[in-house]
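A short worksheet on the structure shown next.
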Amino acid sequence: MVTKKNYWIYLTFILLIIGACKKGASNKGTGNNDPGIEKPVEVAYSPNTTVYGSNKYVTFKVGDVNSPIILASPHDGTITPSTMPLRDHKDAVTVRDTYLTGLTEEIADALYAKTGLRPHVIINDVARSRMEPNRSLAEAYHKSEAANALWREYHTFLKGARDMVQKNVGKGLFLDMHGHGHTKKRVEVGYTVSIANLNATDAVLNTVPTTSSIYHLAKTSSYTFSQLIRGDFAFGTMLQDEGVNAVPSKQDPRPNNDDYFNGGYCTSTYGSRNGGEVSAIQLETPNDGFRMSAAERKVSGGRMADAIIKYMKKHYGLYSNIK
Ligand SMILES: [Zn+2]
Numbered sequence: 313m314v315t316k317k318n319y320w321i322y323l324t325f326i327l328l329i330i331g332a333c334k335k336g337a338s339n340k341g342t343g344n345n346d347p348g349i350e351k352p353v354e355v356a357y358s359p360n361t362t363v364y365g366s367n368k369y370v371t372f373k374v375g376d377v378n379s380p381i382i383l384a385s386p387h388d389g390t391i392t393p394s395t396m397p398l399r400d401h402k403d404a405v406t407v408r409d410t411y412l413t414g415l416t417e418e419i420a421d422a423l424y425a426k427t428g429l430r431p432h433v434i435i436n437d438v439a440r441s442r443m444e445p446n447r448s449l450a451e452a453y454h455k456s457e458a459a460n461a462l463w464r465e466y467h468t469f470l471k472g473a474r475d476m477v478q479k480n481v482g483k484g485l486f487l488d489m490h491g492h493g494h495t496k497k498r499v500e501v502g503y504t505v506s507i508a509n510l511n512a513t514d515a516v517l518n519t520v521p522t523t524s525s526i527y528h529l530a531k532t533s534s535y536t537f538s539q540l541i542r543g544d545f546a547f548g549t550m551l552q553d554e555g556v557n558a559v560p561s562k563q564d565p566r567p568n569n570d571d572y573f574n575g576g577y578c579t580s581t582y583g584s585r586n587g588g589e590v591s592a593i594q595l596e597t598p599n600d601g602f603r604m605s606a607a608e609r610k611v612s613g614g615r616m617a618d619a620i621i622k623y624m625k626k627h628y629g630l631y632s633n634i635k
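Under my numbering, the residues of the sequence shown are numbered 313 to 635, in order.
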């Protein structure tokens with residue numbers, strides 16, 4: 313017989329078990345010490361739905377349950393909420409990555425059309441001058457708690473997507489989409505490997521896979537690390553093969569002294585540098601001739617999707633049924 317007193321004892325016991333299980337799940341393979349996301353919200357997302365954050369400032373287009381791909385557009389927002397003052401710290405970068413959300417959506421649409429699987433897509437619509445998703449909270453130099461809260465929402469979505477891929481596919485690729493205005497019109501492919509190491513010999517480069525956001529790939533691949541960075545089947549080389557200039561690649565192996573971004577906070581945090589089977593690559597795209605018109609974005613998005621599919625076939629053994 314369950315008395316009232318016993319009932320409460322039972323209930324407390326069950327809640328304690330549930331709490332312990334949740335704790336175990338949330339700690340699994342995150343390897344992340346950022347204070348902003350050390351207590352991740354446990355959220356289950358329904359595949360092929362759209363989820364919004366507060367005020368619809370950030371959006372998570374949840375992809376197919378079997379999709380191995382995550383795309384994010386953090387720097388193309390234009391909304392300037394009055395609750396989020398200008399980030400005017402001297403070290404705060406505030407430039408917008410113009411039309412990157414449009415380009416990202418073209419890639420997502422092309423991936424869906426070619427593979428039948430919608431990728432996961434995370435979009436921030438607030439101006440970078442007010443909220444910076446691609447820095448740690450400590451280095452975002454936000455001027456309000458509202459911006460910090462929005463940052464957490466964005467990262468809850470990104471982590472949710474990463475965890476979905478990890479759980480449902482077991483491995484995957486996160487592509488953080490950006491835009492640069494550098495002189496050389498080429499995609500800068502960032503793996504969080506230092507420029508000095510990229511400019512070094514293959515022998516030196518082969519000693520530093522642990523510093524990369526594709527560390528899991530490097531550990532499991534039959535290719536050497538330098539081959540993964542600038543060999544026949546490196547991501548940059550596959551972009552080149554689709555008619556998209558890219559560095560590093562077989563055709564353009566080293567950034568040398570030219571402007572080049574090697575990957576930021578999100579690439580470092582949600583790639584496999586700190587563990588897990590989801591790797592990450594930052595793609596810094598050129599502007600003129602690549603993403604400044606709808607026609608350019610459609611062509612570029614299709615080419616990038618083709619490179620992504622070939623990369624997943626070659627290195628992940630996925631999409632084997634896709635021509
Ligand atoms: Zn950017």
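Built from N, CA and C at the ideal position, the CB exists for glycine as well. These figures come from a predicted structure and were not determined experimentally.
Could you tell me which of the options sits nearest to residue i, measuring between CA atoms?
i: N568; options: T597, S506, G613; result: S506
i: S580; options: N633, F602, T523; result: T523
i: T532; options: F469, T390, V590; result: V590
i: L540; options: D553, G555, S561; result: S561
i: P445; options: E418, D388, F537; result: D388
i: D376; options: P386, L423, T390; result: L423
Roughly how many angstroms lie between the CA atoms of residue i and residue j, to the nearest whole one?
i: G587; j: Y527; result: 8 Å
i: S358; j: T416; result: 21 Å
i: A636; j: A452; result: Residue numbering for the chain in the displayed model covers 313 to 635; residue 636 lies beyond these limits and cannot be assessed.
i: V501; j: S366; result: 32 Å
i: S622; j: K455; result: In the sequence as displayed, the identity of residue 622 is Lys instead of Ser. Using only the alpha carbons, I get a separation of about 43 Å.
i: A473; j: M624; result: 18 Å
i: S612; j: D400; result: 34 Å
i: G343; j: G583; result: Since pLDDT at G343 reaches only 38, below the 50 mark, its modelled position is unreliable, and the value read off the structure follows with that caveat. Looking at the two C-alpha atoms, the distance is approximately 11 Å.
i: M616; j: N518; result: 26 Å
i: G575; j: A530; result: 17 Å
i: M550; j: T597; result: 15 Å
i: A337; j: K479; result: The predicted position of A337 is uncertain, since its pLDDT is 35 and thus under 50; a value taken from the coordinates is nonetheless stated next. Taking the straight line joining both Cα atoms gives about 11 Å.
i: K470; j: I434; result: Here residue 470 turns out to be Leu, not Lys, going by the sequence shown. Approximately 7 Å, taken between the alpha carbons.
i: D600; j: A607; result: 12 Å
i: E350; j: S605; result: Because E350 sits at a pLDDT of 47, beneath the cut-off of 50, its placement in the model cannot be relied upon, and the following sentence gives the value as read from the coordinates. Near 40 Å, if we compare the C-alpha coordinates of S605 and E350.
i: L449; j: T495; result: 31 Å
i: D421; j: I391; result: 24 Å
i: D553; j: D571; result: 22 Å
i: V370; j: N511; result: 37 Å
i: A384; j: A425; result: 19 Å
i: C578; j: F486; result: 9 Å
State yes or no: is the C-beta of residue i nearer than 8 Å to some heavy atom of ligand 1?
i: H387; result: yes
i: H490; result: yes
i: L412; result: yes
i: N367; result: no
i: E596; result: yes
i: D403; result: no
i: D571; result: no
i: D409; result: yes
i: N446; result: yes
Since residue i and residue j should fall inside the 8 Å C-beta cutoff, what is the C-beta to C-beta distance between them, to a whole number of angstroms?
i: T427; j: Y631; result: 6 Å
i: R440; j: R408; result: 6 Å
i: V481; j: N360; result: That pair is no contact at about 15 Å.
i: G491; j: T413; result: About 10 Å; that fails the 8 Å criterion.
i: L595; j: M443; result: Wrong, their Cβ atoms sit about 21 Å apart, outside the cutoff.
i: Y535; j: I593; result: About 15 Å; that fails the 8 Å criterion.
i: A558; j: R498; result: 6 Å
i: V438; j: M396; result: 7 Å
i: A461; j: P393; result: In fact, because the Cβ distance is near 11 Å, the residues do not count as touching under 8 Å.
i: G543; j: I381; result: Actually they do not touch by this definition, with Cβ atoms about 22 Å apart.
Item to complete: Give, in chain order, every unbroken run of the beta strand (DSSP E) that is at least 3 residues long and sits entirely within the region 395-466.
Response: 432-436
Discussion item. Going residue by residue through the region 563-611, where are the continuous beta strand (DSSP E) segments of at least 3 residues, counting only ones entirely within it?
Written reply: 590-597
Worksheet entry | Sequence ranges, beta strand (DSSP E) only - wholly within the region 484-532, length at least 3 | 484-491, 499-502
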